[in-house]
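Quick mapping for you: the protein sequence lines, in order, are chains A and B.
First residue of the first sequence? That's 24 in the working numbering, and the numbers climb one at a time after it.
First residue of the second sequence? That's 24 in the working numbering, and the numbers climb one at a time after it.
We treat Cβ as the ideally placed atom computed from N, Cα and C, and that holds for glycine.
Computed from a predicted model, the values in this text were never measured in an experiment.
Working notes for the structure below.
2 protein chains.
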Amino acid sequence: MIDSEEVPVTEPSLATMADVAKRAGVSSATVSRVINGNYPVSAVTRQRVERAIAELGYVANAHARALAGATNRTVGIIINDVIDPFYAYIARGVEREATRHGRLCMVCCTHGSHEKELALIDLLHEQRADAVILVGGAYEDRAYAAQVARRARALHASGSTLVLCGRPSLGDDVPTRVVEYDNEGGAFAITDHLITQGHRKIVFLGGPPSLSTTVARLAGHRRALAFRGLPYDKGLIHLGQLNRRFGYDRIRALLADKLDFTALFCANDTVAAGAMQGLELAGVPVPEAVSVVGYDDVPIAQELRPQLTTVRIPLEELGRQAVRLGLDVGDDDDYLSPVQTMAKVGTSIVVRASVAPLS
Amino acid sequence: MIDSEEVPVTEPSLATMADVAKRAGVSSATVSRVINGNYPVSAVTRQRVERAIAELGYVANAHARALAGATNRTVGIIINDVIDPFYAYIARGVEREATRHGRLCMVCCTHGSHEKELALIDLLHEQRADAVILVGGAYEDRAYAAQVARRARALHASGSTLVLCGRPSLGDDVPTRVVEYDNEGGAFAITDHLITQGHRKIVFLGGPPSLSTTVARLAGHRRALAFRGLPYDKGLIHLGQLNRRFGYDRIRALLADKLDFTALFCANDTVAAGAMQGLELAGVPVPEAVSVVGYDDVPIAQELRPQLTTVRIPLEELGRQAVRLGLDVGDDDDYLSPVQTMAKVGTSIVVRASVAPLS
DNA sequence: AGGAAGCTAGTAAGCGCTTTCATGCTTCGT
DNA sequence: ACGAAGCATGAAAGCGCTTACTAGCTTCCT
Numbered sequence: 024m025i026d027s028e029e030v031p032v033t034e035p036s037l038a039t040m041a042d043v044a045k046r047a048g049v050s051s052a053t054v055s056r057v058i059n060g061n062y063p064v065s066a067v068t069r070q071r072v073e074r075a076i077a078e079l080g081y082v083a084n085a086h087a088r089a090l091a092g093a094t095n096r097t098v099g100i101i102i103n104d105v106i107d108p109f110y111a112y113i114a115r116g117v118e119r120e121a122t123r124h125g126r127l128c129m130v131c132c133t134h135g136s137h138e139k140e141l142a143l144i145d146l147l148h149e150q151r152a153d154a155v156i157l158v159g160g161a162y163e164d165r166a167y168a169a170q171v172a173r174r175a176r177a178l179h180a181s182g183s184t185l186v187l188c189g190r191p192s193l194g195d196d197v198p199t200r201v202v203e204y205d206n207e208g209g210a211f212a213i214t215d216h217l218i219t220q221g222h223r224k225i226v227f228l229g230g231p232p233s234l235s236t237t238v239a240r241l242a243g244h245r246r247a248l249a250f251r252g253l254p255y256d257k258g259l260i261h262l263g264q265l266n267r268r269f270g271y272d273r274i275r276a277l278l279a280d281k282l283d284f285t286a287l288f289c290a291n292d293t294v295a296a297g298a299m300q301g302l303e304l305a306g307v308p309v310p311e312a313v314s315v316v317g318y319d320d321v322p323i324a325q326e327l328r329p330q331l332t333t334v335r336i337p338l339e340e341l342g343r344q345a346v347r348l349g350l351d352v353g354d355d356d357d358y359l360s361p362v363q364t365m366a367k368v369g370t371s372i373v374v375r376a377s378v379a380p381l382s
Numbered sequence: 024m025i026d027s028e029e030v031p032v033t034e035p036s037l038a039t040m041a042d043v044a045k046r047a048g049v050s051s052a053t054v055s056r057v058i059n060g061n062y063p064v065s066a067v068t069r070q071r072v073e074r075a076i077a078e079l080g081y082v083a084n085a086h087a088r089a090l091a092g093a094t095n096r097t098v099g100i101i102i103n104d105v106i107d108p109f110y111a112y113i114a115r116g117v118e119r120e121a122t123r124h125g126r127l128c129m130v131c132c133t134h135g136s137h138e139k140e141l142a143l144i145d146l147l148h149e150q151r152a153d154a155v156i157l158v159g160g161a162y163e164d165r166a167y168a169a170q171v172a173r174r175a176r177a178l179h180a181s182g183s184t185l186v187l188c189g190r191p192s193l194g195d196d197v198p199t200r201v202v203e204y205d206n207e208g209g210a211f212a213i214t215d216h217l218i219t220q221g222h223r224k225i226v227f228l229g230g231p232p233s234l235s236t237t238v239a240r241l242a243g244h245r246r247a248l249a250f251r252g253l254p255y256d257k258g259l260i261h262l263g264q265l266n267r268r269f270g271y272d273r274i275r276a277l278l279a280d281k282l283d284f285t286a287l288f289c290a291n292d293t294v295a296a297g298a299m300q301g302l303e304l305a306g307v308p309v310p311e312a313v314s315v316v317g318y319d320d321v322p323i324a325q326e327l328r329p330q331l332t333t334v335r336i337p338l339e340e341l342g343r344q345a346v347r348l349g350l351d352v353g354d355d356d357d358y359l360s361p362v363q364t365m366a367k368v369g370t371s372i373v374v375r376a377s378v379a380p381l382s
């Protein structure tokens, strides 16, 4: 007869605090105190416990710990895509600042899906993240905004914080923190730069019409035009995707249509890269025939030839600020600073070689 | 008299499962069953519970859940830096595959520190991640390898898995999974490509001497040389950092020394970018005077002018494989597939414009 | 009709920690 | 020398879930 008795597989499960306690000949309370160092323990006992921990290769269970009251010490960040340098730099800032405050960082990507974004907020909420940072411009959509607001309240109710990074506030009645950068101001400044170089016919290229980022950048652009008494010509505004292909395709189309312009303000550097490629292929020299500027100052701006004049956003700092706001700590862990609910980081224009004065 | 009585701040703490149960007039067990859907519950009851959940805005506590036995459903990935496209692509693969299997992804960065790497493994272990993926080449260091091995065992003991991604195995007695890509083969192939184009004097540039990646790439390079009966000239091997500055500085130095060479094999694309910049500044045309190849095929390879001939690594696939190995699932969630402990993804060379036949 | 099956739902025992409260000592002050 | 004070430790009550195990009802078969 074949022995079908269950042979218990001796899964060498990890030691618990009780195991450590037994081995050290103390109670688990003492072990906990040694680990957390928040209560006096005699030197001898401490050493015994520490030895037991080492011998057993004990690793605390973060869940039990989190459940028993100590915070989970993690922050979550929700971005579009890790590959995109724009998000990657922000993520780096978040990761570093989180680490600086002893937090682990959970990075989640939406890949552009709204539903996934909402689902991820819930997931991070379930994980009881100390803060959830939502990065990137938002689309105008009442229903969607309401969904986000609901989650912001839920998060708030469990002692966490939703931080909006690079997107407008949901309103004063929604408990969120906001870190913004100056889309409008940057667009104003760089448009003005183009104008003072003599350009009058400036094409605005790219950016989905309902994206908050586009709206703000376009507003700055218009304000600069108005400031210098130039007309706002709708025929020069060509909104669209924020990718390379759109820049390439659309500029080729504009060139084919013989649109009259001397400068190009791309909604971001990626679009600028595509546009410059299109210009190059069409034999239009930059900046001699057309000046080009972008926005964001991601690495590709320096790879392009000529190097791209663009608006720099302190992305990493943006991420760091978001964490500070979310964790309610100041620059140097000054927990006593008055609670700040919003921050704005400045932008600056960086002049490189893609703009020439109009002859 | 000022009332100094403690006014209890009514922190609107989140609803628990018990709250939901009370509201729905059932026991918490039933609520759990509705949520998990792993046990029959009558339609009426289910609806009542679901309504209570919605009304209360209940969000499960992932820690309690993890503690009570269900797995935490997260995977951790440890990389050098999110900004580096090499790591970012792998991270993307990991994130996507993890999501596909219903896991949340925790991304941690070491920024090059060994201690931090070890600390992060421990942290992810504490979080009870289903798998911990360690990405990137390793430095030869016995003590360090022993430390990693110890953690691999600890992880294994608690039912998790350490996956080594792009680094050699720690030995058969250490319970890890390994996903590799063919550093040696790719280096062989691209060196041979250079040789068949007539090049005889090939400089090998960059890569820390004790990094496993460098060792393998250099080995492939040497094998190709030997295969074609060419001498291995130590004067042509210039190991060093894997960054742009090293490529730039060293190539300028070699040029100043009037080193005799016609081709350049850079240890990765970043070094190639620096070297090409140095070559450009020195007025040495690529590929006419010097052919250049890189390794990795990160986006910058396509930005460079001329575009860089390089070795492509399916980075995203590498990340996906790592997750599958770590989670012990097959391509299509086929949990019945025999346990695989190691995988190797192939490399291929992508020919662009930075190599010319030697005239 | 009577009991075996088959359902649904509740009870309660943990999971591995933190923390409050209680306890037995040692150490002082007077 | 005796009670007060101070320390170091232990006992035990949760934290919010999951999941045996148990129990009450229907069905259904013989």
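| Check | Outcome |
| --- | --- |
| Between Val-409(B) and His-134(B), what straight-line distance do the alpha-carbon atoms span, to the nearest angstrom? | Here chain B comprises residues numbered 24 to 382, so residue 409(B) is not present and cannot be evaluated. |
| At least one CB of chain B closer than 8 angstroms to the CB of Val-82(A): is that the case? | yes |
| Can Val-321(B) and Asp-292(B) be called in contact, C-beta distance under 8 angstroms? | yes |
| CB-CB under 8 angstroms to Gly-258(B), same chain, minus the five flanking residues each way: which ones, in chain order? | Leu-282 |
| Would you check if the distance between the CB atom of Ala-366(A) and the CB atom of Leu-348(A) is smaller than 8 angstroms? | yes |
| Among the candidates Ala-154(B), Glu-140(B) and Val-201(B), whose CA atom is the shortest distance from the CA of His-124(B)? | Ala-154(B) |
| Go ahead and label Asp-319(A) buried or exposed: buried means 16 or more other beta carbons lie within 10 angstroms of its beta carbon, across all protein chains shown. | buried |
| Could you give the distance in angstroms between the alpha-carbon of Asn-95(B) and the alpha-carbon of Arg-56(A)? | 26 angstroms |
| Run down chain A in chain order and give the residues with a C-beta less than 8 angstroms from the C-beta of Asn-95(B). | His-86 |
| What do you get for Ser-65(B), buried or exposed, if any count of 16 or more other CB atoms within 10 angstroms of its CB means buried? | exposed |
| Is the beta carbon of Phe-227(A) closer than 8 angstroms to that of His-261(A)? | yes |
| Quick check on the DSSP output: what are the complete alpha helix (DSSP H) runs of length 4 or more inside the segment 289-344 of chain A, in order along the chain? | 292-304 and 323-326 |
| Taking CB distances under 8 angstroms as the criterion, tell me whether Val-32(B) reaches chain A. | Because the pLDDT of Val-32(B) is 37, which lies under 50, any placement of that residue in the model is unreliable, and the question is left without a value. |
| From the beta carbon of Val-321(B), is the nearest beta carbon of chain A less than 8 angstroms away? | no |
| Using 8 angstroms as the Cβ pair cut-off and three pairs as the minimum, do the segment 82-90 of chain A and the segment 141-155 of chain B touch? | yes |
| Identify which residue in Met-40(B), Ile-323(B) and Leu-185(B) has its Cα closest to the Cα of Val-158(B). | Leu-185(B) |
| What does Asp-256(B) touch in chain A if you count any residue whose Cβ is under 9 angstroms from its own? | Those do not exist, as Asp-256(B) stays about 33 angstroms from chain A at its closest Cβ, beyond 9 angstroms. |
| Which same chain residues, not among the five before or five after Glu-340(B), have their C-beta less than 8 angstroms away from its C-beta? | Gly-116 and Val-368 |
| At what residues does the alpha helix (DSSP H) containing Ala-85(A) begin and finish? | 85-90 |
| Judging by CA-CA distance, which residue of Ala-324(B), Ala-312(B), Thr-237(B) and Thr-370(B) is the nearest neighbour of Arg-335(B)? | Thr-370(B) |
| Comparing the C-beta of Gln-330(B) with each C-beta of chain A, is any distance below 8 angstroms? | no |
| How would you list, in chain order, the residues of chain A whose beta-carbon sits under 8 angstroms from the beta-carbon of Met-129(B)? | Thr-97, Leu-127, Cys-128, Met-129 and Val-130 |
| Using CA atoms only, rank isn't needed, just tell me which of Ala-44(B), Val-362(B), Val-309(B) and Val-378(B) is closest to Thr-333(B). | Val-378(B) |
| Using the C-alpha atoms, what's the distance from Ser-192(A) back to Ile-100(B)? | 32 angstroms |
| Would you list, in sequence order, the uninterrupted alpha helix (DSSP H) runs of no fewer than 4 residues that lie entirely inside the segment 134-209 of chain A? | 137-149 and 165-180 |
| Name the two residues that bound the continuous beta strand (DSSP E) containing Gly-116(A). | First-last for Gly-116(A): 108-123, but that is the alpha helix (DSSP H), not the beta strand (DSSP E). |
| Please report whether the beta-carbon of Val-42(A) lies at a distance below 8 angstroms from any beta-carbon of chain B. | For the sequence presented, residue 42(A) should be read as Asp rather than Val. No, no contact with chain B. |
| Going by DSSP, what residue range makes up the beta strand (DSSP E) through Gly-99(B)? | 97-102 |
| Quick one: which chain B residues come within Cβ less than 8 angstroms of Tyr-271(A)? | Simply none; closest approach about 14 angstroms. |
| Since Tyr-167(A) meets chain B, which of its residues come closer than 7 angstroms, beta carbon to beta carbon? | Per Cβ cutoff of 7 angstroms: no residues; Tyr-167(A) is ~18 angstroms from chain B at best. |
| Quick one, are the C-beta atoms of Gly-243(B) and Gly-270(B) less than 8 angstroms apart? | no |
| Alpha carbon to alpha carbon, how far is Tyr-112(B) from Arg-328(B)? Give it in angstroms, no decimals. | 23 angstroms |
| Decide yes or no for the touch test of the segment 159-176 of chain A against the segment 247-254 of chain A: beta carbon pairs closer than 8 angstroms, at least 3 of them. | no |
| Note down, one range per segment and in chain order, each beta strand (DSSP E) of at least 3 residues found wholly within the segment 31-70 of chain B. | none |
| Using only CA atoms, which one of Gln-264(B), Leu-265(B), Tyr-255(B) and Leu-304(B) lies nearest to Arg-275(B)? | Leu-304(B) |
| Can you tell me whether Gly-221(B) is helix, strand or coil according to DSSP? | coil |
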